[in-house]
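Comments concern the structure below.
Residue numbers (my numbering), protein chains in the order written: chain A, 1 to 577; chain B, 1001 to 1222; chain C, 2001 to 2174; chain D, 3001 to 3191.
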């Protein structure tokens, strides 16, 4: 933001058509084609949407802890508003926060820089992707203000409830929600194709497949998973839209439709989607842990195989979301087996990350703490998943708060802890300034402790029988006990603390953005290509056209014996280095 | 604190045992992994002048540390799958002979129950129809014919550990055999619209005498 | 992957050599003479005629083989010769077939629920009632149009038993 | 002309970048159509009455449309062939033929639907017609998109610019043709 673009670009570019000029405000912020600005657009839009998602969480947690109370900044929450709040919280956090920030923002920012390219292969397509995404966000926000309010049929949108305005009572909200989701899918399809093609074709000379930084692999695998799984849901969305608006009966049994079909169409996408957001976050761990342990990533190939294995297996497990949702019970056995088996690659991946610490020289900087936090918290989410994958146990846990706690222990570490890890780690590259480490650590500990305070009690209430999506437990005699209520209050209070700690982050971000100490081009002494740009933050084109990097070694050459420095950047030639 | 619900059906104990089995296995892994994690973090914290090891992770003596747990996990998975499928088969696929068959109809936002009445048969004039109130006899296998009039609901009785979604257009048969007399919650566990949060019913598990008395008292006058 | 010095040097050089293939891989001599494409087109048209005439025999096995078997042959010809998959890199072929395989997987895993109308402890009474209604209606007024307006719940669902949502009115208007 | 990054000119896989992107686009299209067709097929196999409804579809119109699309595929591949030899004008001419094919397809479809709808076979009539209009409608959307894309490509090709795009538009168009090759027997022939 502050570094002058004083670099003397070579204009004798052999490739032609490659010209540099100082971007105008319009070109930079409104219609950018530079991947770094599009990444920022995604990042800020995602974080802005997170405020809405967080506010919804605040609303319904307050309602849970203090039923029918007057909620500060809102008022009383009606049952309809409650349903809308949980639905929109889920949709916003997954589709408009986790996806844009983890995949689109970091993918856009990192892929060209890490593979040594000057931009994405299709910069204008990239811009289109963001514009579609922005449009989808606007449609979604608009849907909160239409007559009868926002869609409240849960983010899974099971018909007939979602397909018929007579059932949901939000005909407009349902349709707009569906359109918003579909447009968002289109945005990420366009973006995903761009990511994959860029990583496949535009790698720097000399960069072989096992020299590619792990997060690039992870984002590409995630994009592939998204691309191969979202089709049926796009088809399903068209069908559901027709059900809502043209009187067809694809999913309504009153005339030959089948509600179970939607569940399959949804979860065929919905389960791989979990890994779509998980893999980029684990990729960040794979980037950050080696840097701060000053150590090579443990068994690069194995990490990659576990990621691919997880990705492939994720296509075979979707019906574990439907064990008791009306599928034939015989099929549940197949899906139990595949689901439990997915623990093998994921556990191995976690082991490999932990093994990377072995023999390291570990520095507990803020990004490192966040990366370790991902591993620590995700472990809880991972092991509690086993309860859900085992069909016999899922019969009891399905749609209880145990589920809620479980998937928040996966999604929160992925989408927030992972994002904070990536954000604090790449902040110097994105904005050219360092973040405040003390404030970062305060934010880390506050967030981690309060996050566990929110969801650990919810495992207990789930075991006690608390169902999800219940507006007010006072209607259920067995659930309206003081013990359970106390746990709910602990959870809500923890949420308030967590929200309070986010102000530390916001303060730190804006303070560092404008007044933080100027960072060098490689403040963490990392090896990957994004730290080798001559300017910080990199200007348009990332490297001068006549000095594009070539790659001579893998991405994690730390503490190589016989070298003075404990890192060996990928672009340093062997003899000259 | 009373968090643990009493097991109120013949198979509730099976599910609880399965949960304990899973807890044992994943608890072991959780503890071991965390011990390793924090040990390594402490042991290899940065020390002035000490350089990190340079290993690729493919050295056999190191990779063993990944490979062996890997095999052990496969073994654990087999145990888990066998345990889960056994319980599942017993509850969802197997259907013991019914002592009584009750039709359960979910609609926005109430449960209605059609008990077979004195003659023990459904769809006869002496059926007992109730709303948000189900009566069953302890120690008797009850088949619940689950139906829905409008959207998805879910018939969930936490004390029985039973949960089954109710799908419009389909008849799904669930069964249970209650073991402890008392009155418990029936909850709708699938989002079904505005009133989802008030879609509660109560199940009365009665001794044979109480149940007969209830039938006698509740039967419609024909 | 350990990079000894010589290894890394080799690989660096190799990389430079392979780099900057401008628009590499474009075409690879994929183009045939126009006559070749017209021949393929002729074969496709013959196949089209067979696939239309075959079902006229009204023998089910003939219908299936001519209609669908020929569709696969046609698809193969178009993909191979018109899309030039025959000279394309194998990875494209893998990607396309993998996505097709996922659809087969989807069909295989969903059909026990959607294609079957009864199974272990469940029965899809609405679908059965719909088939029965439609077939009866079809016999009754053969060749006539189905209901023009499909406002919900107008059909004769009475026979469907309890599960058929005869009481639709309860759904709305709350 | 718009700025083209260096990245766009690299080709580590040996497949030209734009072409690789088209292939990935087709991968995502396969699963979209796969979702519709798998759903339709499940209903088709389970519901004998679908055959009864399918009897009201116009096989002749479907066959003519298949012919139109196959022929437009031929002109698309001939356009590609012309582009390979560097003859942009010829490529553009063939692409115009392809676009005419697309318009003919849509016109026939329009008459066909008009007839069916006016006879009460609307999208909401029953599950078969719902699938019929949805599957064919999504396909028709692709036909329209393809025609628009080809119009732009033909415009450039006529001036000898961006000739490699002729092949890309062609690949996409063959895919649209392929989908119809399966839709035709599924919706029209199986009665």
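Even glycine gets a Cβ: it sits at the ideal position worked out from N, Cα and C. Since the model is a prediction, treat every value here as computed from it, not as a measurement.
Would you say the beta carbon of residue i is closer than 8 Å to some non-hydrogen atom of the ligand COA?
| i | result |
| --- | --- |
| residue 3054 of chain D | You won't find the ligand COA in this model; it holds no ligand whatsoever. |
Smallest Cα separation from residue i: which of the options?
| i | options | result |
| --- | --- | --- |
| residue 1037 of chain B | A:429, A:562 and A:354 | A:354 |
| residue 64 of chain A | A:554, A:368, A:543 and A:480 | A:480 |
| residue 3252 of chain D | D:3079, D:3179 and D:3140 | Within the shown structure, residues of chain D are numbered from 3001 to 3191, placing residue 3252 of chain D beyond reach of any answer. |
| residue 549 of chain A | A:179, A:246 and A:207 | A:207 |
| residue 343 of chain A | A:307, A:366, A:356 and A:360 | A:307 |
| residue 3011 of chain D | A:105, A:416 and A:197 | A:197 |
| residue 99 of chain A | A:79, A:187 and A:357 | A:187 |
| residue 1046 of chain B | A:241, A:301, A:496 and A:290 | A:290 |
| residue 474 of chain A | B:1041, B:1016 and B:1200 | B:1200 |
| residue 366 of chain A | A:423, A:463 and A:329 | A:423 |
| residue 105 of chain A | A:142, A:348 and A:45 | A:45 |
| residue 216 of chain A | A:358, A:498 and A:109 | A:109 |
| residue 1180 of chain B | B:1074, B:1138 and B:1101 | B:1138 |
| residue 2098 of chain C | D:3174, D:3028 and D:3075 | D:3028 |
With distances taken between CB atoms, is the gap from residue i to residue j smaller than 9 Å?
| i | j | result |
| --- | --- | --- |
| residue 2083 of chain C | residue 3170 of chain D | yes |
| residue 460 of chain A | residue 1202 of chain B | no |
| residue 1087 of chain B | residue 395 of chain A | yes |
| residue 409 of chain A | residue 455 of chain A | yes |
| residue 1129 of chain B | residue 1171 of chain B | no |
| residue 389 of chain A | residue 1218 of chain B | no |
| residue 3025 of chain D | residue 193 of chain A | yes |
| residue 432 of chain A | residue 345 of chain A | no |
| residue 281 of chain A | residue 43 of chain A | no |
| residue 212 of chain A | residue 526 of chain A | no |
| residue 1026 of chain B | residue 161 of chain A | no |
| residue 1106 of chain B | residue 1133 of chain B | no |
| residue 115 of chain A | residue 203 of chain A | yes |
| residue 3048 of chain D | residue 2050 of chain C | no |
| residue 447 of chain A | residue 420 of chain A | yes |
| residue 582 of chain A | residue 387 of chain A | A question about residue 582 of chain A goes unanswered here, because the residues of chain A that appear run from 1 up to 577. |
| residue 134 of chain A | residue 41 of chain A | yes |
Check the DSSP bridge columns for residue i and list the partner residues they point to.
| i | result |
| --- | --- |
| residue 1155 of chain B | B:1164 and B:1188 |
| residue 1129 of chain B | B:1114 |
| residue 580 of chain A | Absent from the structure is residue 580 of chain A, since the part of chain A shown begins at 1 and ends at 577. |
| residue 558 of chain A | A:567 |
| residue 467 of chain A | A:400 |
| residue 2122 of chain C | B:1172 and C:2119 |
Are there three or more Cβ pairs, one per stretch, closer than 8 Å when the segment 309-321 of chain A is compared with the segment 272-284 of chain A?
yes
Quick check: the segment 3126-3140 of chain D against the segment 3072-3086 of chain D, are at least 3 beta-carbon pairs closer than 8 Å?
no
Name, going along the chain, the residues of the segment 450-469 of chain A whose beta-carbon falls closer than 7 Å to a beta-carbon of chain B.
Taking 7 Å as the upper bound on Cβ-Cβ separation, chain B lies near residues 460, 463, 464, 465, 467 and 469 of the segment 450-469 of chain A.
Check whether the segment 1177-1191 of chain B touches the segment 1018-1029 of chain B, taking contact to mean three or more Cβ pairs, one atom from each stretch, closer than 8 Å.
no
Scan the segment 1142-1160 of chain B for residues whose Cβ lies nearer than 8 Å to a Cβ of chain A and list them as they occur along the chain.
1150, 1151, 1152, 1154, 1156, 1158 and 1159
At a Cβ cut of 8 Å, what residues of the segment 1065-1088 of chain B count as close to chain A, listed as they run along the chain?
1065, 1066, 1069, 1070, 1073, 1074, 1077, 1080, 1081, 1083, 1084, 1085, 1086, 1087 and 1088
What residues in the segment 2105-2134 of chain C have a beta carbon less than 8 Å from any beta carbon of chain B?
2120, 2121, 2122, 2123, 2124, 2125, 2126 and 2127
Any C-beta of chain C within less than 9 Å: which residues of the segment 241-273 of chain A qualify?
247, 248, 249, 252, 253, 254, 255, 256, 257, 258, 260, 261, 263, 264, 265 and 268
Using 8 Å as the threshold, is the segment 511-528 of chain A in touch with the segment 246-260 of chain A, meaning 3 or more CB pairs across them?
no
Should the segment 225-239 of chain A be called in touch with the segment 118-135 of chain A, which here means at least 3 C-beta pairs below 8 Å?
Taking 8 Å as the limit for Cβ pairs, the verdict is that the segment 118-135 of chain A does not touch the segment 225-239 of chain A.
Which residues, in chain order, does the segment 366-381 of chain A contribute to contact with chain B at a C-beta distance below 9 Å?
372, 375, 376, 379 and 380
Is there contact between the segment 1053-1069 of chain B and the segment 375-382 of chain A, where contact requires at least three CB pairs shorter than 8 Å?
no
The segment 351-366 of chain A in contact with the segment 290-306 of chain A per 3-pair CB rule at 8 Å:
Output reads yes: the segment 290-306 of chain A touches the segment 351-366 of chain A.
Got a sec: which bits of the segment 3032-3059 of chain D sit with their beta carbon under 8 Å from any beta carbon on chain A, in order along the chain?
3032, 3033, 3034, 3035, 3036, 3038, 3039, 3042, 3043 and 3047
The segment 3065-3073 of chain D touching the segment 3093-3106 of chain D, judged by at least three CB pairs closer than 8 Å
yes
If the cut-off is 7 Å on Cβ atoms, which residues from the segment 309-330 of chain A count as contacting chain B, listed in chain order?
324, 325, 326, 329 and 330
Note down, in chain order, all residues in the segment 3109-3120 of chain D with a beta-carbon under 7 Å from any beta-carbon belonging to chain A.
none
Is there contact here, the segment 1112-1123 of chain B with the segment 1074-1081 of chain B, by at least three beta-carbon pairs under 8 Å?
no
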